[in-house]
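Trainee: Let me begin by handing over the structure; questions about it come next.
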Amino acid sequence: MARRETEPPEQETLRRWEREQAQLKANVIEEDTEEWQKDSTFAGLERVGGVDLSYVKGNDTVACASLVVLSYPELEVLYEDCQMVTVSAPYLAGYLAFREVPFLVEAAQRLQEREPGLRPQVLLVDGNGVLHHRGFGVACHLGVLTDLPCIGVAKNLLQVDGLAKDEQHKGQIRDLQMGGDVFPLRGTSGRVLGMALRSYNKSTKPIYVSVGHRTCLESAVRLVQSCCRYRIPEPIRQADIRSREYIRTHLSSPLGGTSPGPGRDNIFSTVPGSS
DNA sequence: GCGACAG
DNA sequence: ATCTTGTCGC
């Protein structure tokens with residue numbers, strides 16, 4: 011029988027992961043490196059990517075990794091890749107990248123082989139960038155490994171460096187009047203680790219944007235906001251929707267069990283039309 | 001014992 | 001992450 015639970019990591023594994031994070035962290039660039047980032051309208055930006063993993067209920071190891079590429083500024087899906095994967099690392103706050111990044115790197119490699127012309131100019135990642143225990147979240151990790159500009163977008167605040175969901179924080183959230191309003195997340199260290207963003211008018215709960223790689227916080231926030239039709243920026247939202255739908259249609263056994271039927275365990279498609 | 005815990 | 005349907009509003 012296949013393992014349905016990931017093994018708890020040994021202390022030695024954690025130390026190794028921390029060393030790896032520290033090593034890769036030296037390569038992070040927290041500044042704009044692309045021309046389009048410097049333009050107030052992002053002229054020259056045509057493709058924005060989004061990545062996400064959805065998990066099969068009741069099974070800690072089977073998931074669907076998805077990478078989508080959307081046109082900008084239209085936000086139409088140009089490319090979609092869904093791949094069933096078996097994760098080996100457990101979820102641990104602070105070490106999310108070791109659970110998800112390997113499959114996202116593979117997805118990026120498949121894109122490069124199949125449709126190099128659709129390579130995204132920036133990638134929105136589900137999770138944090140430098141807003142992290144050791145300043146190296148999943149968005150930084152993926153950014154360094156792919157050398158793509160990456161932005162971290164978290165749905166919940168990771169409470170590091172003194173940041174907390176205290177009354178002060180709640181008050182700042184209440185003060186966000188409309189879509190586009192933000193407030194900085196300044197840690198005890200004095201450093202601004204990210205921005206809380208009211209992503210659109212109808213949502214009261216903000217999203218947390220932080221630098222992943224090859225971008226500054228200001229342009230990262232500006233780009234994320236320009237990608238929001240709903241609370242979650244469209245590239246990540248599409249990756250999420252498609253990975254969940256992929257699981258639903260591929261493992262729809264009545265009792266929630268995993269029944270790998272005879273079918274493709276991967277799809278990728280390119281949407282014709284806009285070029 | 002209590003709180004924290006990106007996905 | 002996932003557990004989960006209908007319901008209120010535009």
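If you count by the working numbering, then the first sequence holds residues 11 to 285, one letter each, in order.
Positions of the beta carbon are idealized from the N, C-alpha and C atoms, including for glycine.
1) Using 8 Å for Cβ pairs, my map puts residue 231 next to residue 205. What's the rounded Cβ distance?
2) Expressed to the nearest angstrom, what Euclidean distance is found between the alpha-carbon atoms of residue 26 and residue 198?
3) By Cβ distance, which residues of its chain are closer than 7 Å to residue 30, with the 5 residues on each side in sequence left out?
4) Give a single yes or no on whether residue 43 has its beta carbon closer than 7 Å to a heavy atom of the ligand NAD.
5) Return yes when the Cβ of residue 91 is within less than 8 Å of the Cβ of residue 14, no when it is not.
6) Three or more C-beta pairs under 8 Å: does that hold for the segment 42–58 against the segment 70–90?
7) Short check: CB of residue 137 to CB of residue 127, under 8 Å?
8) Would you grab the beta carbon distance between residue 245 and residue 111 for me? Rounded to a whole angstrom, and I think it's under 8 Å.
9) State buried or exposed for residue 119, treating a residue as buried only when at least 16 other CB atoms are found within 10 Å of its CB.
10) Excluding five sequence neighbours on each side, which residues of the same chain lie with their C-beta closer than 6 Å to the C-beta of residue 74?
11) So, helix, strand or coil for residue 237, using DSSP?
12) Once DSSP output is grouped into helix, strand and coil, what is the label at residue 39?
13) Report yes if the C-beta distance between residue 208 and residue 216 is below 8 Å; otherwise report no.
14) If you follow the alpha helix (DSSP H) that residue 154 is part of, which residue opens it and which one closes it?
15) Residue 189: which of 200, 172, 213 and 218 sits nearest, CA to CA?
16) Does the Cβ-Cβ distance between residue 234 and residue 227 come in under 8 Å?
17) Under 6 Å Cβ to Cβ from residue 57, same chain only, skipping five residues before and after it: list those, please.
18) Using DSSP with H/G/I as helix, E/B as strand and the rest coil, what is residue 49?
19) Cβ of residue 151 within 8 Å of Cβ of residue 107?
20) Is residue 162 helix, strand or coil when you go by DSSP?
Mentor: Checking against the coordinates, here is how it stands:
1) Residue mapping note: residue 231 aligns to position 221 of the first sequence, counting from 1. Residue mapping note: residue 205 aligns to position 195 of the first sequence, counting from 1. Contact holds; Cβ gap of about 5 Å.
2) Residue 26 sits at position 16 when you count from the first residue of the first sequence. Residue 198 sits at position 188 when you count from the first residue of the first sequence. Taking the straight line from one Cα to the other gives about 27 Å.
3) Taking the first sequence and counting its residues from 1, the one referred to as residue 30 is at position 20. The answer is none, since no qualifying residue turns up.
4) For the ligand NAD, the structure offers nothing, since it holds no ligand at all.
5) Your numbering for residue 14 matches position 4 in the first sequence. Your numbering for residue 91 matches position 81 in the first sequence. Cβ atoms of residue 14 and residue 91: not closer than 8 Å.
6) yes
7) Numbered from its first residue, the first sequence carries residue 137 at position 127. Numbered from its first residue, the first sequence carries residue 127 at position 117. Contact flag unset, no.
8) Within the first sequence, numbered from 1, the residue matching residue 245 stands at position 235. Within the first sequence, numbered from 1, the residue matching residue 111 stands at position 101. With a Cβ gap of about 17 Å, residue 245 and residue 111 do not count as contacting.
9) Against the first sequence, residue 119 aligns to sequence position 109. Result: exposed.
10) Here residue 74 corresponds to residue number 64 of the first sequence, with the count starting at 1. Cβ within range, chain order: 64, 92, 94, 253, 256 and 257.
11) As a working note, residue 237 is residue 227 in the first sequence. Of the three classes helix, strand and coil, the one that applies to residue 237 here is coil, per DSSP.
12) Counting from 1 along the first sequence, the entry for residue 39 is found at position 29. Three-state DSSP puts residue 39 in coil, outside helix and strand.
13) The residue you call residue 208 lines up with position 198 of the first sequence. The residue you call residue 216 lines up with position 206 of the first sequence. Yes.
14) In the first sequence, counting from the first residue as 1, residue 154 sits at position 144. Run containing residue 154: 148–156, per the alpha helix (DSSP H) assignment.
15) Taking the first residue of the first sequence as 1, we reach residue 189 at position 179. Here the closest residue by C-alpha is 213.
16) Taking the first residue of the first sequence as 1, we reach residue 234 at position 224. Taking the first residue of the first sequence as 1, we reach residue 227 at position 217. No. Outside cutoff.
17) Along the first sequence, one-based indexing puts residue 57 at 47. For residue 57, where only same-chain residues beyond five positions count, the Cβ hits under 6 Å are 79, 130 and 131.
18) One-based indexing of the first sequence puts residue 49 at position 39. Reduced to three states, the DSSP call for residue 49 is coil.
19) In the first sequence, residue 151 corresponds to position 141, counting from 1. In the first sequence, residue 107 corresponds to position 97, counting from 1. Yes, the Cβ-Cβ distance between residue 151 and residue 107 is below 8 Å.
20) Counting from one through the first sequence, the residue named residue 162 turns up at place 152. Residue state, collapsed to three classes: strand.
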